[in-house]
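Protein chains: 2
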Amino acid sequence: MNSVCIVGVGLIGGSFALALRASGFKGRITGVSSSGAIREALARGIIDEGLPLADAAAQADLIYLARPIDAILSTLDELDACLRPGTLVTDAGSTKSVICSRAAKSIHRGKFVGGHPMAGKESRGVAEAEASLFQGRPYILTEACPELEAIVTQIRAKLVIMPPEEHDRLVAFTSHLPQLLSTALATTIPAEGARVAGPASQDMTRLALSSYEIWRDIFSTNAANIDAALAGFIARLESLRARLNDPAMAAEFDRAAAAAQVLRK
Amino acid sequence: MNSVCIVGVGLIGGSFALALRASGFKGRITGVSSSGAIREALARGIIDEGLPLADAAAQADLIYLARPIDAILSTLDELDACLRPGTLVTDAGSTKSVICSRAAKSIHRGKFVGGHPMAGKESRGVAEAEASLFQGRPYILTEACPELEAIVTQIRAKLVIMPPEEHDRLVAFTSHLPQLLSTALATTIPAEGARVAGPASQDMTRLALSSYEIWRDIFSTNAANIDAALAGFIARLESLRARLNDPAMAAEFDRAAAAAQVLRK
Chain B
77 MNSVCIVGVG LIGGSFALAL RASGFKGRIT GVSSSGAIRE ALARGIIDEG
127 LPLADAAAQA DLIYLARPID AILSTLDELD ACLRPGTLVT DAGSTKSVIC
177 SRAAKSIHRG KFVGGHPMAG KESRGVAEAE ASLFQGRPYI LTEACPELEA
227 IVTQIRAKLV IMPPEEHDRL VAFTSHLPQL LSTALATTIP AEGARVAGPA
277 SQDMTRLALS SYEIWRDIFS TNAANIDAAL AGFIARLESL RARLNDPAMA
327 AEFDRAAAAA QVLRK
Chain W
77 MNSVCIVGVG LIGGSFALAL RASGFKGRIT GVSSSGAIRE ALARGIIDEG
127 LPLADAAAQA DLIYLARPID AILSTLDELD ACLRPGTLVT DAGSTKSVIC
177 SRAAKSIHRG KFVGGHPMAG KESRGVAEAE ASLFQGRPYI LTEACPELEA
227 IVTQIRAKLV IMPPEEHDRL VAFTSHLPQL LSTALATTIP AEGARVAGPA
277 SQDMTRLALS SYEIWRDIFS TNAANIDAAL AGFIARLESL RARLNDPAMA
327 AEFDRAAAAA QVLRK
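Chains as they are written, first to last, in this note's numbering: chain B, 77 to 341; chain W, 77 to 341.
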């Protein structure tokens, strides 16, 4: 692999380029992005050159789609015509079923494998990119692919191979549900609550600082799973509410602490 | 003020003693606690001496009750008989109405002012005590009290004077609700979710690591406020759920981000 093209040089695309370099990649990295992002990425040495999609795609051995989901979908539609036969295409979109279905229809000359690095920040943009962003974090690939598996391992992420539907079902619980809880909590706390706010309320409303821009597409492409996760959560919370002063709460806390420990392993 | 007695030398009591020393207090600090906690507190130089309650109380100018709420309530009942007239008594219990009512009935020879430092960790015990635990955090006093106000300022906490009922209403939203959300989330995420767990699910289940021991008393002494906070939260979450793919979500995210920023000021 001699040439990688990052489409969408923001937090994730920029971090992938930096991680690739840090892992020893000596080839060429081109970027397809807004002129502001290209300028900043060039200034930080994250990419070697900014190019239009057709030119970048025609040169690349690997194309990494790191735009928001809706933009990934429209990029897939125009991408195939620009590819050299056999070019590997992957993405970093936060849901996988809709993207993988679209790629199956759109990508014929190249090979598409969906991806999702479980890393992020409340702040976006290439200015926030870090070589270490994916280290120790799960990196999901939607099917086996030796070239991509090697990269995921080289950038020190935790390789997970999982079908798109299973990915979308699980991230509804681990990522989309936490976001909605944080957003709902931030607007439930009365304004005067700030006078007594400690670390609990600050930690639990950190995700509420996130921009809606990427969430719109996540909600529209994973609505049924998110609704099911919300239903499950609300039922759990109502069950705790009904037993607030019941000795059974001790066992609930123990069970929750054990589950929280597992999420940290 | 020459002598301070810490009743319950754990994370909070130990941190208060360390913060007091760090702020320049030169007097004597005694501790009333389990023999294990006393041994550790002496070894770390957190207290000068461990004593039984009656002996410690008879010598102290300030008594700092840092046990769990239920233990604070029973300490209040036996404390008055041991006090020199005019001794100042305060506490660090997580709810204030029940404690302040009990103190009004129990403490006659001394003067009681309720307190609550908005600081904590998932881990408990004097081994976790830190001089800086309260720095920059709200420290609520339930009424004006020049001696305690001076200490709160000296240990670099943010002084907030607020009646017990208002405190309990607000912490139901800022502290008790976040705890229950985290506990409910940890047991809603399916076990296989650990394979794709990123920072969102880890941050949002951090509070679920907390021990039930202090929460039992919080739930029993603030049940009505917690129930109201839960009702408000569930209504907000159901409202987001119903509008998941509605453009109005953009405004919800903006409102939540602004509220989350206010909690950080």
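Every residue, glycine too, gets a C-beta built ideally from N, C-alpha and C.
Values in this document were obtained by computation on a predicted structure and should not be read as measured data.
Report the CB separation of residue 282 of chain W from residue 198 of chain W in whole angstroms; it is logged as a contact under 8 Å.
Contact between residue 282 of chain W and residue 198 of chain W is confirmed by a C-beta separation of about 6 Å, below the 8 Å threshold.
Rounded separation between residue 148 of chain W and residue 168 of chain W - CA only:
Straight-line Cα distance between these residues: approximately 9 Å.
Using DSSP bridges, identify the partner residues of residue 216 of chain B.
Bridge pairing for residue 216 of chain B: B:192 and B:236 [DSSP].
Near residue 172 of chain W, which residues of its chain fall below 7 Å by C-beta distance, leaving aside the five closest residues on each side in sequence?
Within the same chain, residue 172 of chain W has close Cβ partners 190, 192, 218, 240, 243 and 244.
Interface partners of residue 254 of chain W on chain B, CB under 7 Å:
Near residue 254 of chain W (Cβ distances below 7 Å), the residues of chain B are 261, 276, 277 and 280.
If you reduce the DSSP assignment to three classes, tell me which class residue 340 of chain B lands in.
In this structure, DSSP gives residue 340 of chain B a state outside helix and strand, which the three-state scheme calls coil.
What in chain W is Cβ-close to residue 101 of chain B, meaning under 7 Å?
For residue 101 of chain B, there are no neighbours in chain W by C-beta distance under 7 Å, as the nearest C-beta there is about 24 Å away.
Quick check on DSSP: helix, strand or coil for residue 181 of chain B?
Annotated three-state conformation of residue 181 of chain B is helix, per DSSP.
Work out the CA separation of residue 338 of chain B and residue 313 of chain W for me, nearest whole Å.
Pairing residue 313 of chain W with residue 338 of chain B, the inter-Cα distance amounts to about 26 Å.
Integer Cβ distance of residue 122 of chain B from residue 93 of chain B, believed to fall under 8 Å
That belief holds up - the Cβ atoms of residue 122 of chain B and residue 93 of chain B are roughly 5 Å apart, short of 8 Å.
Could you tell me whether any Cβ in chain B is nearer than 8 Å to the Cβ of residue 145 of chain W?
No - not a single Cβ of chain B is within 8 Å of the one on residue 145 of chain W.
Which parts of the region 248-333 of chain W are runs of the alpha helix (DSSP H), unbroken and 4 residues or longer, counting only runs that do not cross its ends?
Within the region 248-333 of chain W, complete alpha helix (DSSP H) segments of at least 4 residues are found at 253-264, 275-280, 288-297 and 299-318, given in chain order.
Pick from B:151, B:280 and B:95 that is closest to residue 335 of chain W, judged by C-alpha positions:
When B:151, B:280 and B:95 are compared, the shortest CA-CA separation from residue 335 of chain W is found for B:280.
In chain order, what are the residue ranges of uninterrupted beta strand (DSSP E) at least 3 long that sit wholly in the region 84-141 of chain W?
Those beta strand (DSSP E) runs which fall completely within the region 84-141 of chain W and span 3+ residues are 104-108 and 138-141.
Residue 252 of chain B burial status per 10 Å Cβ neighbour count (16 or more: buried)
Counting C-beta atoms within 10 angstroms of its own C-beta, residue 252 of chain B has 16 or more neighbours from the protein chains shown and is therefore classed as buried.
Return the bridge partner residues of residue 379 of chain B from the DSSP annotation.
Residue 379 of chain B falls outside the range modelled here, since chain B spans only 77 to 341, and no answer is possible.
If the cut is a Cβ gap below 7 Å, which residues of chain B does residue 333 of chain W touch?
By Cβ distance, chain B contributes 284 and 285.
Please name the residue in B:128, B:215 and B:83 whose C-alpha comes closest to that of residue 141 of chain B.
Comparing alpha carbon positions, the residue from B:128, B:215 and B:83 closest to residue 141 of chain B is B:83.
Could you work out which residues of chain W lie near residue 206 of chain B, taking near to mean beta carbons separated by less than 8 Å?
Residues of chain W whose Cβ lies closer than 8 Å to the Cβ of residue 206 of chain B do not exist, since the nearest Cβ in that chain is about 13 Å away.
Go ahead and pull the three-state DSSP assignment for residue 163 of chain B.
Here residue 163 of chain B carries a coil assignment [DSSP, helix/strand/coil].
Taking all protein chains shown into account, decide if residue 258 of chain B is buried (16 or more other Cβ within 10 angstroms of its Cβ) or exposed.
Burial call: buried.
Just checking: is the beta-carbon of residue 317 of chain W within a distance shorter than 8 Å of some beta-carbon in chain B?
Cβ-Cβ to chain B under 8 Å: yes for residue 317 of chain W.
Quick one: using the 10 Å Cβ neighbour count with 16 as the cut-off for buried, is residue 229 of chain B buried or exposed?
It is exposed - the Cβ of residue 229 of chain B has fewer than 16 other Cβ atoms within 10 Å.
Assuming contact is defined by CB atoms lying nearer than 8 Å, are residue 331 of chain B and residue 278 of chain W in contact in what I supplied?
Not a contact, by the Cβ cut-off of 8 Å.
Which first and last residues belong to the alpha helix (DSSP H) in which residue 222 of chain B is found?
Boundaries of the alpha helix (DSSP H) harbouring residue 222 of chain B: 222-230, taken from the DSSP string.
Best match in B:111, B:163 and B:207 for proximity to residue 47 of chain B [C-alpha to C-alpha]:
The requested residue 47 of chain B is not part of the displayed model; chain B covers only 77 to 341.
Would a C-beta distance cut-off of 8 Å place residue 276 of chain B and residue 250 of chain W closer than the cut-off?
For residue 276 of chain B and residue 250 of chain W, yes; Cβs fall inside 8 Å.
Over what stretch of residues does the alpha helix (DSSP H) that includes residue 147 of chain B continue unbroken?
First-last of the alpha helix (DSSP H) with residue 147 of chain B: 145-155.
Interface flag, residue 301 of chain B vs chain W, CB-CB below 8 Å:
So no, residue 301 of chain B is outside the interface.
Looking only at its chain, what residues have a beta carbon closer than 8 Å to the beta carbon of residue 129 of chain W, apart from the 5 residues adjacent to it on each side?
The answer, listed in chain order, is 83, 108, 151, 154, 155 and 158.
Closer than 8 Å by C-beta to residue 112 of chain W: which residues in its own chain qualify, once you throw out the five before and the five after it? Chain order, please.
Within the same chain, residue 112 of chain W has no close Cβ partners at all.
Assigned exposure category for residue 110 of chain W - 16 Cβ within 10 Å defines buried
The residue is exposed, with fewer than 16 neighbouring Cβ atoms inside 10 Å.
Is residue 328 of chain B close to chain W, meaning its C-beta is less than 8 Å from at least one C-beta of that chain?
Yes, contact with chain W.
On the criterion of 16 or more Cβ atoms from any shown chain inside 10 Å, does residue 254 of chain B qualify as buried, or is it exposed?
Residue 254 of chain B comes out buried.
Say whether chain B places a C-beta atom closer than 8 Å to the C-beta of residue 288 of chain W.
Output row for residue 288 of chain W: interface = yes.
List, in order along the chain, the chain B residues whose C-beta lies closer than 8 Å to that of residue 219 of chain W?
Against chain B, a Cβ distance below 8 Å from residue 219 of chain W picks out nothing, because the smallest value is about 16 Å.
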